[in-house]
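One structure below.
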Amino acid sequence: MGDTPNGGDKVQLDPTLDFVAGTIAATVALMNGIVFASYRFLMKLQLEHADAVPTLSQIALAGAGSGIISSLFPIRIITTPTELIKIRQQSLLIPTTARQVAWQIFCENGIRGLYRGITATALRDTGYGAYFFAYEATCRLFSSPPPIDPTSTDLMAHVEKGVNTLSWPALLLAGGAAGIAGWVITFPFDVVKTRIQGSHPVYSTALPHAPFSTIANHSTRAYTTATVTTPLLDGIEFSSPGPKDLNPYRSTWSTIVHSYRNEGASVFFRGLSPTLIRAIPVNMVTFATFEAVVKTFS
3 MGDTPNGGDK VQLDPTLDFV AGTIAATVAL MNGIVFASYR FLMKLQLEHA
53 DAVPTLSQIA LAGAGSGIIS SLFPIRIITT PTELIKIRQQ SLLIPTTARQ
103 VAWQIFCENG IRGLYRGITA TALRDTGYGA YFFAYEATCR LFSSPPPIDP
153 TSTDLMAHVE KGVNTLSWPA LLLAGGAAGI AGWVITFPFD VVKTRIQGSH
203 PVYSTALPHA PFSTIANHST RAYTTATVTT PLLDGIEFSS PGPKDLNPYR
253 STWSTIVHSY RNEGASVFFR GLSPTLIRAI PVNMVTFATF EAVVKTFS
C-alpha cells in the first residue's frame with residue numbers, strides 16, 4: 003500500500019486505488035482480448051446458419067457491439083479510471099505518481115470522480131465497427147471470402163481460411179487501414195473524452211450565471227477560447243436551478259457544444275495526425291499477431 007504526503011503527515015492510500023493505478027498495461031491487453039472475443043460472439047448471433055459468410059454490415063455491427071461491450075464490461079471498471087489517471091498525470095508539470103493522482107481524484111470527488119468521461123469513452127469505443135469493417139473490406143480486396151465448412155459451427159474457420167489465402171503484406175495493409183478508419187470515425191469522441199477527463203468540476207453558488215471566463219479565475223484551471231461563428235448551435239442554451247458544475251467540459255454534450263461554439267468543427271480532429279502515425283504500425287502488429295495466433299492454433 004502506498005502513501006502520499008498531506009502537509010506534514012502521511013495518508014495511507016486505499017488499496018483499491020493502488021490496484022487501479024498499477025494495472026494500466028495489463029488492462030489494455032485484457033480489453034483487447036474482450037473486444038476480439040465479443041466480436042466473434044456477436045458475429046455468430048447474426049449468422050443464420052453455420053456456412054453463412056458475414057456481410058460487411060454484419061461485421062460493422064459486430065465490431066460496434068464489441069466496443070460497447072468493452073465499455074460496459076467489468077473491465078471498464080478499471081480502464082476508465084486508468085485513462086483518467088493517465089491524462090491527469092500527463093498534464094501535471096511536477097513529478098507525481100499514478101497512486102497520488104488517483105488518491106487526489108478520490109479525495110475530491112469520490113468513486114464517481116474516477117469514472118469521469120465514461121460516456122464519451124463508450125461512444126469512442128463504438129468505432130470498432132469501422133475498425134473491423136475496414137480490416138475485412140481490405141482483406142476482401144485481395145481475396146474472395148472463402149465459404150465456411152457446413153459441418154463446423156466455428157466462425158473462426160472463416161478467418162483461418164482467409165489467413166491461408168492472404169500474404170503477410172496484405173494483412174499488414176489491412177491492419178493499417180483498420181487503424182486509420184477506427185480513429186478517423188471516433189477521434190471527435192476521443193477529443194471530447196480527453197477534455198472531460200483533463201478538466202475538474204467548477205462549483206459556484208455566488209456566480210450561477212456568470213461567464214465562464216469570470217468563474218475560471220476562481221478555479222485552478224484557466225481556459226482560453228477563440229470566438230467563431232457556429233450557426234448550428236446559436237439557439238441552444240443551458241440552464242438549471244441551484245448550484246451546479248459550471249465547467250463547460252462537465253458532460254459529453256456540454257463539451258461538444260462549448261468546443262464547437264468557441265473553436266469550430268476542426269477542434270474535433272485536433273491531434274489526429276500523430277494519432278494516425280501511431281495507429282498504423284500498432285494495428286498492423288495487432289492484426290498480424292491475431293492472425294498468426296489463429297493460424298498457429300488452428
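Numbering (my numbering), first residue to last: 3 to 300.
Cβ atoms here follow ideal geometry from the backbone N, Cα and C, with glycine treated the same way.
Legend entry - Local conformation of Asp-247 per DSSP, three classes: For the purposes of this step, residue 247 is identified with residue 245 of the sequence shown, where counting begins at 1. Reduced to three states, the DSSP call for Asp-247 is strand.
Inset, instruction - Could you check what DSSP says for Tyr-262 in three-state terms: helix, strand or coil? - result: One-based indexing of the sequence shown puts residue 262 at position 260. It is helical.
Inset, instruction - State yes or no: is the C-beta of Ile-89 within less than 8 Å of the C-beta of Ala-104? - result: Here residue 89 refers to the residue found at position 87 when the sequence shown is read from its first residue. Here residue 104 refers to the residue found at position 102 when the sequence shown is read from its first residue. No, the pair does not count as a contact, with Cβ atoms beyond the cut-off.
Inset, instruction - Consult DSSP for Phe-299 and reduce its assignment to one of helix, strand or coil. - result: On the sequence shown, residue 299 is found 297 positions in, with the first residue counted as 1. Correct three-state label for Phe-299: helix.
Legend entry - Tyr-117 - DSSP class collapsed to helix/strand/coil: Position 115 of the sequence shown, counted from the first residue, corresponds to residue 117. Here Tyr-117 sits in coil by DSSP.
Inset, instruction - Below 8 Å CB to CB, which residues in the same chain sit around Arg-197 once its five sequence neighbours on both sides are set aside? - result: Position 195 of the sequence shown holds residue 197. So the list reads Tyr-251, Thr-257, Ser-261, once near-sequence residues are dropped.
Inset, instruction - Can you tell me the Cβ-Cβ gap for Tyr-137 and Val-37, rounded? I've got them flagged as a contact below 8 Å. - result: Position 135 of the sequence shown, counted from the first residue, corresponds to residue 137. Position 35 of the sequence shown, counted from the first residue, corresponds to residue 37. Rounded, the Cβ-Cβ distance is 12 Å, inconsistent with contact.
Inset, instruction - Check whether the Cβ atoms of Thr-98 and Gln-92 lie closer than 8 Å to each other. - result: For the purposes of this step, residue 98 is taken as the residue at position 96 of the sequence shown. For the purposes of this step, residue 92 is taken as the residue at position 90 of the sequence shown. Cβ atoms of Thr-98 and Gln-92: not closer than 8 Å.
Legend entry - Contacts around Thr-167, its chain only, beta-carbon distance under 6 Å, and the 5 residues preceding and following it disregarded: By 1-based counting over the sequence shown, the position of residue 167 is 165. Answer for Thr-167: Ser-145, listed in chain order.
Legend entry - Cβ-heavy atom distance, Ser-256 to the ligand GTP, below 7 Å: Here there are no bound small molecules, and the ligand GTP is not part of this structure.
Inset, instruction - Using beta-carbon positions only, say whether Gly-273 and Lys-195 come within less than 8 Å of one another. - result: Residue mapping note: residue 273 aligns to position 271 of the sequence shown, counting from 1. Residue mapping note: residue 195 aligns to position 193 of the sequence shown, counting from 1. It is not a contact, given that the beta carbons lie outside the stated cut-off.
Legend entry - Proximity of Leu-143 and Ala-290 at Cβ, strictly below 8 Å: Within the sequence shown, residue 143 is the residue found at index 141, counting from 1. Within the sequence shown, residue 290 is the residue found at index 288, counting from 1. No.
Legend entry - Sub-8 Å separation of Val-284 and Gly-181 beta-carbons: Stepping through the sequence shown from its first residue, residue 284 is reached at position 282. Stepping through the sequence shown from its first residue, residue 181 is reached at position 179. Yes, the Cβ-Cβ distance between Val-284 and Gly-181 is below 8 Å.
Inset, instruction - Indicate the three-state DSSP secondary structure (helix, strand or coil) for Ala-212 in the structure shown. - result: Working through the sequence shown from its first residue, we reach residue 212 at position 210. Because Ala-212 sits at a pLDDT of 46, beneath the cut-off of 50, its placement in the model cannot be relied upon, and the following sentence gives the value as read from the coordinates. Of the three classes helix, strand and coil, the one that applies to Ala-212 here is coil, per DSSP.
Legend entry - CA nearest to the CA of Thr-81, picked from Gly-112, Ile-96, Ala-66, Asn-34: As a working mapping, residue 81 is identified with position 79 in the sequence shown. Here the closest residue by C-alpha is Asn-34.
Legend entry - Straight-line gap, Ser-40 to Ile-71 (C-alpha atoms, nearest Å): Locating residue 40 in the sequence shown gives position 38, where the first residue counts as 1. Locating residue 71 in the sequence shown gives position 69, where the first residue counts as 1. Their Cα atoms are separated by approximately 7 Å.
Inset, instruction - Return the bridge partner residues of Tyr-130 from the DSSP annotation. - result: Indexing the sequence shown from 1 puts residue 130 at position 128. In DSSP, Tyr-130 forms no bridge with anything.
Legend entry - Neighbour-count burial assignment, Pro-171, 16 or more Cβ in a 10 Å radius: By 1-based counting over the sequence shown, the position of residue 171 is 169. Flag for Pro-171 reads exposed.
Inset, instruction - Take Met-286 as the anchor and find which of Gly-178, Thr-254, Val-295 has the nearest alpha-carbon. - result: If you number the sequence shown from 1, residue 286 lands on position 284. It is Gly-178.
Inset, instruction - Counting only the same chain and skipping the five closest in sequence on each side, list residues whose C-beta sits under 7 Å from that of Ile-282. - result: The count along the sequence shown starts at 1 and reaches residue 282 at position 280. Excluding residues within five positions, the ones whose Cβ falls inside 7 Å are Gly-178, Gly-181, Ile-182.
Inset, instruction - Specify, as a first and last residue, the run of the alpha helix (DSSP H) that Thr-188 falls within. - result: Translated into positions along the sequence shown, residue 188 becomes position 186. That run of the alpha helix (DSSP H) goes 170-199.
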